[in-house]
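Step one of this worksheet: look at the structure below.
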Amino acid sequence: MDASSFREAIFQVHSHGRDRGHYFLAAEDPRFDDRHVSVAGKRLLSFGSCSYLGLEFDPRLVEGGVEAYRRYGTQTSFSRGYLSCPLYPELEEDLLPRIFGVPRVLLLPSTSIAHHVVMPALLAENDAIVCDHQVHRSVDDAITLQCARSGAAKVVVKHGELERALDVVGRLARAHHHVWFACDGVYSMYGDFLPAGFLHDLLAVAPNVRLFVDDAHGMSWAGAHGRGHLLSRFPLGDRVVLVTSLAKAFATGGGVVVVQDRRLLETARLVGGPFSFSGPLRPGDLGASIASARIHLSPELAPLQATLRDRVAQANALCRTLAIPLVIANEAPIFFIALGRVEAVFLMAERLRDQGFHVNVSGFPAVPASRGGLRIAINAIHSAAQVDALFHAIAEHLPSVLAAVGVTRDEVAEQFEGVLPSFLRAARPPAPAVQQLPERHPAPAGALAVETHASIDQLDAKLWDALVGDLSYIDARSMRAAERVFHGEHARREHRWSFRYVLVRRGAEVVAAAPFTTVLMKDDTFMSAAVSAALERERVADPYLFTSRAVVMGNMASEGEHMFLAPGPGRAAALIALAEAGVAEMKAQHCSTLVLRDLADDPELVRVLTGQGFVPVPLIERYLVPLDWRDEAAFIAALPGHGQRRHVRAIHEQSPLFEVEVWDSRSAASDDELGRMYALYRRMAAKNLRINIFPLPPELLRAQLESGSWEFVLLRPRGGGPPVAWAAARPAGREYRALYCGVDYDDFRAGKINPYRQLLWQLVRRAGRLGCERLHLGMGAGQEKTRFGATASPALALVRADDAYAATRLQEFVTQTALRSAGRS
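Counting in the working numbering, the sequence shown runs from 1107 upward without gaps.
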């Protein structure tokens, strides 16, 4: 999705979480002295801190910071390219090098800045870098910027398929000077890490392969002198660059670049812009860091590490015994409790809050909206009793939380399949041998029942049309025409559709209904025309680049509302049941994306579906002309603007220049005529990249025309000749819906006659003469349509994407394209 749509989606999802007290909280305590915090008047025990050893409360760190402020003031506002605070040398040349076992380190204000400082020293035009797609965002941002500046190649590999990285690195190593592989030492969300054997295998691919590792979440709690989890199990050779953080378990602030080669650090100081052009660490951070480093170098650190190991082992044992679903269990102090849907995540956090616990919720965009969970951080200053209480509380509430959301443990586990590389999935602990309560319970009276059908012919057509016949283009005859054209044996992949019709009943009453279709979609369907134009240039060589199979509500030969939802107090439950049927079809079709298209911007509907793991994506506006038809003159006179009235009157006066025909199932349409009309449609579709879908196939025209549900409005020049404009439309009760069209501008370029505008006017006249109350003109071309009195109405797609990797790859393409364009300008 576009940046603006992405921003709006985040706002929609997070506004729900903010309203329920999960984001942007502020503690109310006058001081901290342990892991208790006060939020909204409640005293809570927090399991959200990344200060895994609890060193921030050590009086030596506090006094070190205070004394540094006394000696050097609140800041030393010099560029480090000219002058540094006197405390830097002790850290960069003595204490931190002793911790890491290197001659020297480079200390920066943050880990993010450290990445931006070191990347220009690593990547030049002949280099390449392979990124795990779950590498920390700060690493990815620095890499993207440096690749754009230098021309270095960047390749992203899916975290769940990292075994592919060996082949990717090997291919790149044959064509580039250096090839880097970028990953986290400990991944910040799930707490997983890559085995040392895999990292050795990467370096063994070729001598020009290098490793770049961000071990921010591994610092201090592991390794000799707290040098970090990576260096506790993997040597810092001359082909490894490590960046770590002092802002987590080290308990102060700043980022550190650690390498064996002093020359690389010197290069980074010279070419890494933020080293010289951003502010330095404040004296208090430096003073506290000196105190923390001395503790790290003392015998005191090992007992703290041992205490944390005990708490982590205790938490892992509790998860096994109590059957709490972890994404992975290992020695890291990060525990991701897999819950799936956002509503389950919020509900569990609220139940825990009521019992006095504060935990971090994890959801979109940090993880896919359907793969949410609780991120638990275990600290050495948590007592064994506190750890025990938290996990028993989670286990106590887990069955009722999942039942309230309507999912089972197996469904949650299925949702997280494939999030880890295969070599980590194999290491996951076996399912615990504990007594499980039944996951499904007898359905109470009045419960919902879902029935599905694979063809419209399996349904009662009268019932279907009574429910959705007046909505968009999904009446029984239209769907029968679609099934005739889009089938599994079609010569082209994009036209091999699969259909599923869903009815949700409460007793005998149907309370929800919709068709779902499995299609091949372009991943840029909801993106800007500029992005689609860039992709279409690439698709000349590869027509299916950045395409994915998805399940959509409705189909790609329709537009508008596609769902019947009975009003009343059971509306939300019926909507969830309908969405669940779509999810089931998505899984049955082995897709990872479900799109509920063209929904009204209904706050209740959006709230319910975001809680089920959907993300709202704004679509371009739809246009509708309200009609109270008497005749042409009355319509024109009723237009509110003088400019509108003048515009439409001029077009009406040109009507005698055209002959208007209306074709339906009784019309004898020749193949040649339909072929010319299809060619006009293709010319229009090629320009409409704002709604970038695969072109509809030519045989659809005859199938729709013969269905008895559609009609074609054609314009020919007065005196005869081939059509110069036409539209496929569907009269539906009081609605008249025009879906797509074709226009020939070739003979009208020099004059003031516009066949598209004349076509719009003839659609208005046709709808009015049929007695319709509304004319639906679809999406796009808003400037032209509003001149005819059309008003814009917002629409949303609610998207559930269980795998964010395709979106990551597409965003990478968009970023690189934008940066290349900026470079050319």
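Here a beta-carbon is modelled for each residue, glycine too, at the ideal position from N, C-alpha and C.
At what residues does the alpha helix (DSSP H) containing residue i begin and finish?
| i | result |
| --- | --- |
| N1422 | 1407-1428 |
| D1290 | It is not in any alpha helix (DSSP H) - D1290 instead sits in the beta strand (DSSP E) that spans 1285-1290. |
| F1497 | 1490-1511 |
| H1559 | First-last for H1559: 1554-1559, but that is the beta strand (DSSP E), not the alpha helix (DSSP H). |
| I1205 | 1202-1206 |
| D1238 | D1238 -> not in any alpha helix (DSSP H); beta strand (DSSP E) instead, spanning 1234-1238. |
| R1368 | 1368-1377 |
| S1528 | 1528-1531 |
| Y1293 | Segment: none, Y1293 is in no alpha helix (DSSP H) and carries neither H nor E. |
| S1398 | 1389-1402 |
| W1867 | 1861-1875 |
| R1515 | 1515-1521 |
| S1218 | 1217-1228 |
From residue i to residue j, what distance separates their C-alpha atoms?
| i | j | result |
| --- | --- | --- |
| S1398 | I1116 | 38 Å |
| I1430 | M1585 | 45 Å |
| L1410 | H1323 | 16 Å |
| L1543 | A1501 | Interpretation of L1543 is limited by its pLDDT of 32, a score under 50 that renders its predicted location unreliable; the figure taken from the coordinates is listed afterwards. C-alpha separation (whole angstroms): 12 Å. |
| L1387 | L1213 | 9 Å |
| E1644 | C1253 | 20 Å |
| R1915 | L1508 | 32 Å |
| D1737 | R1751 | 14 Å |
| D1391 | A1887 | 57 Å |
| E1600 | V1518 | 31 Å |
| R1713 | F1138 | 36 Å |
| T1921 | L1278 | 21 Å |
| H1283 | D1233 | 5 Å |
| V1610 | A1678 | 12 Å |
| V1261 | V1274 | 8 Å |
| A1472 | V1365 | 30 Å |
| S1185 | R1369 | 21 Å |
| E1545 | H1265 | Low confidence applies here, because E1545 scores a pLDDT of 35, under 50, leaving its location unreliable; read the following figure in that light. For E1545 and H1265, the distance between alpha carbons rounds to 31 Å. |
| L1715 | L1573 | 22 Å |
| Q1917 | G1895 | 37 Å |
| D1290 | F1299 | 7 Å |
| R1796 | W1832 | 21 Å |
| A1549 | R1126 | Caution applies to A1549, whose pLDDT of 42 falls short of 50 and renders its modelled position unreliable; the model cannot decide the point. |
| V1208 | D1909 | 40 Å |
| Y1842 | A1785 | 24 Å |
| I1487 | F1470 | 30 Å |
Check whether the Cβ atoms of residue i and residue j lie closer than 8 Å to each other.
| i | j | result |
| --- | --- | --- |
| A1903 | R1703 | yes |
| R1755 | G1848 | no |
| F1522 | M1295 | no |
| R1836 | F1720 | no |
| H1402 | D1320 | no |
| M1885 | E1665 | yes |
| M1633 | V1657 | no |
| V1448 | A1412 | no |
| P1722 | H1668 | no |
| V1362 | T1373 | no |
| E1879 | S1528 | no |
| P1439 | Y1158 | yes |
| A1455 | L1480 | yes |
| A1680 | V1617 | yes |
| D1238 | A1288 | yes |
| H1221 | S1244 | yes |
Which partner residues does residue i have in the DSSP bridge list?
| i | result |
| --- | --- |
| H1464 | S1152 |
| L1730 | H1882, T1897 |
| K1628 | T1653 |
| A1785 | In DSSP, A1785 forms no bridge with anything. |
| Y1842 | P1837, L1881 |
| T1921 | For T1921, which the question treats as bridged, DSSP gives no partner whatsoever. |
| P1722 | L1904 |
| F1622 | R1606, M1659 |
| E1198 | Paired residues: none, contrary to the question. |
| A1831 | L1821, V1849 |
In the DSSP assignment, find the unbroken beta strand (DSSP E) run with residue i in it and report its ends.
| i | result |
| --- | --- |
| V1819 | 1817-1823 |
Closer than 8 Å, CB to CB, is residue i near chain D or not?
| i | result |
| --- | --- |
| V1768 | The question asks about chain D, but that chain is absent: this structure has only one protein chain. |
Run through the region 1257-1282 for me and flag every whole beta strand (DSSP E) of 3 or more residues, listed as ranges in chain order.
-> 1259-1263
Tell me the start and end of each unbroken alpha helix (DSSP H) in the region 1435-1480 that is at least 4 residues and wholly inside, in chain order.
-> 1448-1460
Run through the region 1123-1191 for me and flag every whole alpha helix (DSSP H) of 4 or more residues, listed as ranges in chain order.
-> 1165-1178
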